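**Student:**
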Ligand SMILES: *Cc1c(COP(=O)(O)O)cnc(C)c1O
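Residue numbers (the UniProt record's numbering): 1 to 433.
(1) Starting from residue 116, trace the alpha helix (DSSP H) in both directions and tell me its first and last residue.
(2) If I measure Cβ to Cβ from residue 388 and keep anything under 7 Å in the same chain, skipping five residues before and after, which residues do I get?
(3) Just curious, the alpha helix (DSSP H) that residue 207 is in, first and last residue?
(4) Distance check for residue 373 and residue 358, CA to CA, integer angstroms please.
(5) Have a look at 146, 11, 110, 91 and flag the residue whose alpha-carbon is nearest the alpha-carbon of residue 118.
(6) Going straight from the alpha carbon of residue 264 to that of residue 52, what length do you get?
(7) What do you reckon, are the CB atoms on residue 75 and residue 61 nearer than 7 Å?
(8) Which residue marks the beginning of the beta strand (DSSP E) containing residue 320, and which one marks its end?
(9) Applying the criterion that 16 or more other CB atoms from any shown protein chain within 10 Å of the CB defines a buried residue, is residue 415 buried or exposed?
(10) For residue 238, tell me which candidate among 228, 245, 246 has the shortest Cα-Cα distance.
(11) Counting Cβ pairs, one atom from each stretch, are 3 or more of them under 8 Å apart for the segment 407 to 426 and the segment 326 to 338?
(12) In whole angstroms, what is the alpha-carbon distance linking residue 10 and residue 418?
(13) Please state the DSSP three-state secondary structure of residue 160.
(14) Going by CA-CA distance only, name the one from 230, 294, 352 that's closest to residue 47.
(15) Helix, strand or coil for residue 89 per DSSP?
(16) Looking only at its chain, what residues have a beta carbon closer than 6 Å to the beta carbon of residue 304, apart from the 5 residues adjacent to it on each side?
(17) For residue 174, collect the residues of the same chain with a Cβ closer than 6 Å to its Cβ; drop the 5 residues on either side in sequence, then sort them by chain order.
(18) So the candidates are 432, 253, 157, 39; which of them puts its Cα closest to the Cα of residue 208?
(19) What are the boundary residues of the alpha helix (DSSP H) that includes residue 429?
(20) Which value, in whole angstroms, describes the spacing of the CA atoms of residue 316 and residue 404?
(21) Is any heavy atom in ligand 1 found nearer than 6 Å to the beta carbon of residue 120?
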């Protein structure tokens, strides 16, 4: 088991995060609870910013907000000088309401609706990342109607096969995202942008997948993209000003995972870009990266109350928690692995192999398939680590279960960031007739 950030065991033998005793937070806020280590998020932002920097090249770090977003996150990300990537009207609306500077917002999506594009253009977001030509024409039309202009990147697909879980691989030649760099009509496509009155193409965006542990995938993508910039400079007469390389940096969930050394990897990426730009004789573009998971995953812990345990006839030992696939669908979706402790028994010896299951009516409702823990009893508190990314943002109200609260802990202070949903929230949109 690995503890991240400010997580530690205090002298009462309890788990502590952000200098707050988790057992106290449970008394105050109830369970299930998403507990966020604010300092770790800030430190991760700083690590990315300081590592992705070089005196010869302009750089920008953009947080991929789909990993975890709310008003508090917008504030922290902005305070750390990091930009924001949004992929939907809802994420954009959250950023606007948080007064996130619009020029630091990147709007993504393979099928943005008219409403979403209108919102983005009206808000004057910094960049819209255009997926295809139909979208370009739509943006052009909306800009005319709204008497506005848009600066955009084109999403391209470098065909890199990142070694990661196949469900979250996005950049093979049949990806639904972007346009392949091998497409023969690439110059015609770029020309369409260049002949637009209101839309300016600043460069390209790619994103090769998620939860990537192979450094070589990133380096491969960077080299391929630089070759592509050389090609469009020579063949299409297009000088790329900006190159957004996406996110995908893998994180530790369990002993199976060995994340790349971020500082080292980012410096290597910059070196490869500089070398290739020189070799190919192309202008150094401004470069961006978009980490999501690597900023927040390890900073989140889900706290559950254990309702009961059950030894099945077949010999399986279950722990039942008061949440499940509604607050963390990743095990059901991706066969994700997690580590956990019993908060009030951190120093006890592991005595049993358990399956941690939720309360939803679905056999796949499992949080952890197999974990060694001390003997669990009703009313024990279970902390599941590294749930900061793609947990709250993927949560649901299946079985009409209200979503948990989100609390940010730092320096002994715990701040409520998202209220616990109640039964009235569940009925909020129901209309009686
Ligand atoms: C999901 C996504 C990211 C972030 O991916 P992580 O694996 O969370 O780092 C970045 N850019 C784009 C376009 C994405 O879709």
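Ideal placement from N, C-alpha and C gives every residue a C-beta, glycine not left out.
Predicted model, so just to flag it, every value in this text is computed and none were measured.
**Tutor:** Quick look at the numbers:
(1) 114 to 123
(2) 36, 68, 296, 297, 298, 299, 300
(3) Residue 207 -> no alpha helix (DSSP H), and no H or E assigned at all.
(4) 17 Å
(5) 146
(6) 10 Å
(7) no
(8) 317 to 321
(9) exposed
(10) 228
(11) no
(12) 26 Å
(13) coil
(14) 294
(15) helix
(16) 31, 32, 321, 322, 323, 382
(17) none
(18) 157
(19) Segment: none, residue 429 is in no alpha helix (DSSP H) and carries neither H nor E.
(20) 28 Å
(21) no
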